[in-house]
Amino acid sequence: ETTMDDIIGSWVPADPKPIKAPGALSLAMVHNGIFYFEEIGPVDPGVLYGLHGVLDDRKITIQSQYGFEVIEGADNFKMISSGNLDSRYTPIELSDAFLERWAQIKMNYPDKEGTIDILKSRAVGLDDKIATLITELLFDFRDILANYKKDMGLRGAVEVCQASLTSKQPLKKLIEVYMLNPKSTYESDQTLYKKLMERVDKRMRI
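Take 12 as the starting number for the sequence shown in this note's numbering and just add one per residue.
Dropping the structure here:
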């Protein structure tokens, strides 16, 4: 529900008449800042179209108490966006015209060593064996989920590791709650759930 007013500025009460309070984008442009647009995928196309001028010429026209003003980005102004645009996560596709205005960096998941490092950094004091087990399971689950056109990020794995430090629940139960159940919510026959749990049983017997 982001609007152009949210990012370039909105009218606020003032005496003797309302004034235009600058938004994050306007401030970043004027003060050599970085405007970071998180999760840009679901944003209304009309808003994204309104950013074309900034992306092309580093300029945007706004209406303020002084009339129409052209704001120009300072020399070191940068606009950065992020988003998970994988079709397994969102049905939304950004237009080619918008995408062509960006220098894009595509990032994949970290390898197993990197995943272990992330889990240990998010759950300080985590046992190495648990970090390795959860990482192995995460990679196992991704292999299975690919056949269902699904995927699994690191959020569930992080939740398991953090909960394992304080919860009295068995590790297997935490894996079920935070990693398996979210992927099998809409199942009627629990086929996927059973396949994922088989990997858990196998790994935890080793």
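No residue lacks a Cβ here, since even glycine has one placed at the ideal position from N, Cα and C. The structure presented is a predicted model; accordingly, all values stated were derived computationally and were not measured.
If you draw a straight line from the alpha carbon of residue i to that of residue j, how long is it in whole angstroms?
{"i": "Asn192", "j": "Tyr204", "result": "7 Å"}
{"i": "Thr14", "j": "Pro29", "result": "19 Å"}
{"i": "Phe109", "j": "Lys31", "result": "27 Å"}
{"i": "Arg112", "j": "Asp162", "result": "28 Å"}
{"i": "Leu59", "j": "Leu182", "result": "44 Å"}
{"i": "Leu144", "j": "Thr101", "result": "29 Å"}
{"i": "Glu12", "j": "Gly20", "result": "15 Å"}
{"i": "Ala39", "j": "Val211", "result": "48 Å"}
{"i": "Gly78", "j": "Ser175", "result": "58 Å"}
{"i": "Ile51", "j": "Arg216", "result": "43 Å"}
Quick check on residue i: does DSSP put it in helix, strand or coil?
{"i": "Glu170", "result": "helix"}
{"i": "Ser70", "result": "First, the amino acid is wrong: residue 70 is Lys here, not Ser. Strand."}
{"i": "Ser98", "result": "coil"}
{"i": "Glu124", "result": "helix"}
{"i": "Tyr60", "result": "helix"}
Could you tell me the boundaries of the beta strand (DSSP E) in which residue i lies?
{"i": "Gly20", "result": "20–23"}
{"i": "Ser37", "result": "Element bounds for Ser37: not the beta strand (DSSP E) but the alpha helix (DSSP H), 35–41."}
{"i": "Val81", "result": "78–83"}
{"i": "Lys205", "result": "Not the beta strand (DSSP E): Lys205 falls in the alpha helix (DSSP H), residues 202–216."}
{"i": "Lys184", "result": "Segment 182–186 is the alpha helix (DSSP H) holding Lys184; no beta strand (DSSP E) there."}
Specify, as a first and last residue, the run of the alpha helix (DSSP H) that residue i falls within.
{"i": "Ile145", "result": "139–157"}
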